[in-house]
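Here the structure is laid out as structure tokens; the discussion comes afterwards.
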Amino acid sequence: MAFPSPKSIIHISSPTGDDRGGDDDGDDDDEQQWHRMVHLSILALKGNQGGRTFPFTGYLGLSKITVAGVVRTRVEDDNRLLPASRLTISIRCYEARTRFGLSKVNLLLDATQTLWAAADGLAYEDLGSSDYPFRISLPCKVAGFSTMQHPEYRVFWRLEAG
Numbered sequence: 000m001a002f003p004s005p006k007s008i009i010h011i012s013s014p015t016g017d018d019r020g021g022d023d024d025g026d027d028d029d030e031q032q033w034h035r036m037v038h039l040s041i042l043a044l045k046g047n048q049g050g051r052t053f054p055f056t057g058y059l060g061l062s063k064i065t066v067a068g069v070v071r072t073r074v075e076d077d078n079r080l081l082p083a084s085r086l087t088i089s090i091r092c093y094e095a096r097t098r099f100g101l102s103k104v105n106l107l108l109d110a111t112q113t114l115w116a117a118a119d120g121l122a123y124e125d126l127g128s129s130d131y132p133f134r135i136s137l138p139c140k141v142a143g144f145s146t147m148q149h150p151e152y153r154v155f156w157r158l159e160a161g
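Numbering that gives the first Met the number 0 puts the first residue of the sequence shown at 0, with every later residue one more than the last.
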């Protein structure tokens, strides 16, 4: 089992509604509001930051697996915040079957932790620049498989923030 190391920054963009100052006159202001972005990066607390896999402790099927790190959010240079409902980190196990150029992907295991959520009563709240530490543990008897790859079948694990 190995968690691929996040090599790129994830961009989240979202439209803003009329309640956030958007108007429907067709000018470039609406287009500019559509492209607000917050850069997400997943960083390890210890271990190899630039390696092929994300650092974790434990052995699949033998002991508890623990993944710890920080999700860092950064707004762009214009400092315009992004309305969001929540920020989560997930460990997911997928299986993919490829045959005749067609691929079917199934989710086998999903362990998700909510790092930040909008206040009660609000659908969205502004998400700005901050660090959100996380620690996710998978029990000893987990439903996922070890990482494996065959010509038409593979199983892989991913660490995802969104």
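By construction, the Cβ of each residue, glycine as well, lies at the ideal position given by its N, Cα and C atoms.
For residue i, the nearest candidate out of the options (CA to CA)
i, options, result
"S163", "K45, T65, L126, A95", "Any property of residue 163 remains undetermined from this structure, which presents the chain solely from 0 to 161."
"L86", "F53, Q148, G57, T72", "T72"
"P82", "F144, M36, R153", "M36"
"D130", "A160, F155, L107, V70", "V70"
"D109", "A160, P150, P132, R51", "A160"
"L107", "K45, Q148, V141", "V141"
"R153", "W115, R98, R51", "R98"
"L137", "F155, P150, D76, G57", "G57"
"G100", "T52, G120, E151", "E151"
Proximity of residue i and residue j at Cβ, strictly below 8 Å
i, j, result
"Y123", "S62", "no"
"L39", "G68", "no"
"L80", "D125", "yes"
"R134", "R91", "no"
"V74", "S145", "no"
Per-residue DSSP class, three states only, for residue i
i, result
"N154", "Checking the sequence, you will find Val at residue 154 rather than Asn. It is a strand residue."
"Y123", "coil"
"T146", "coil"
"S128", "coil"
"R98", "strand"
"R79", "coil"
"Y58", "coil"
"C92", "strand"
Opening and closing residue of the beta strand (DSSP E) in which residue i lies
i, result
"L101", "101–116"
"G68", "64–74"
"S84", "Note, S84: premise wrong, no beta strand (DSSP E); not H, not E."
"L42", "36–43"
Sequence-distant residues of its chain with Cβ nearer than 8 Å to residue i (five each side left out)
i, result
"S102", "A95, R96"
Contacts around residue i, its chain only, beta-carbon distance under 7 Å, and the 5 residues preceding and following it disregarded
i, result
"A118", "E124"
"Q112", "T87, I88, F133, I135"
"G46", "P54"
"L114", "V70, L86, T87, I88, Y131, F133"
Residues near residue i by beta carbon distance below 6 Å, same chain, minus five either side
i, result
"N105", "E94"
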